[in-house]
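Okay, structure first, notes after.
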Amino acid sequence: MMPLRTLLPALVLLAATGSTSSGLARSAAPAPHGDECFNVRSVVDYSSAGRDAINVRVGGNRYYRLDILGTCPDIDLNFRLGLRSRSGSSWICHDTDAEVIARGPFGQPDRCPVVGMRQLSAEEVAAIRHPPRHRR
């Protein structure tokens, strides 16, 4: 049996470095990719989807709907919105990773947490690009 004074520093070092097999697997994981994630830097456009959601175009032709907690002041009228990743990286893979920043009524930024995120279908994208015309 190993003396406690020898074993204890080794355990502390192991815990501090996270040198478990799951810790190694987590650190070796590649950057997120695929249809379920996008990089904030690749957002090229957005449009309002009412008072509590926005549609975000990412890269060439991927669109996501971001649902916002409550209502973000004037999000449907605001021409300057920001999208910030809260995950510690520039990737957004889950709704909890994102925050919409809108200019508030007095010029201060309003931070609006995202509570839902999903990629839009081809039919939904077509409806955004070619909204139905109102007939009189």
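Residue numbers 1 to 136, in the numbering used here, belong to the letters of the sequence shown in order. Ideal Cβ placement from N, Cα and C applies to all residues, glycine included. None of these values were measured; they are calculated from a predicted model.
query                                                                                                                                                  : result
Indicate whether the contact test is met: 3 or more Cβ pairs, each with one atom in the segment 101-118 and one in the segment 52-70, closer than 8 Å. : yes
Cα-Cα, which of G50, Y46, V58 is closest to E36?                                                                                                       : V58
Quick one: what's got a C-beta closer than 8 Å to V43's C-beta in the same chain, skipping five residues either side?                                  : V56, R57, V58, L83
Counting only the same chain and skipping the five closest in sequence on each side, list residues whose C-beta sits under 6 Å from that of D95.       : V114, V115, G116, M117
Can you tell me whether R65 is helix, strand or coil according to DSSP?                                                                                : strand
How long is the line joining the alpha carbons of A98 and E124, rounded to whole angstroms?                                                            : 22 Å
Relative to the C-alpha of F122, which candidate in A53, N61, V40 has its C-alpha closest?                                                             : Residue 122 is actually Ala in this sequence, not Phe. Nearest option by C-alpha distance: N61.
Quick check on A126: buried or exposed, where buried means 16 or more other Cβ atoms within 10 Å of its Cβ?                                            : exposed
For G116, write down the residues that DSSP places opposite it in a beta bridge.                                                                       : D67
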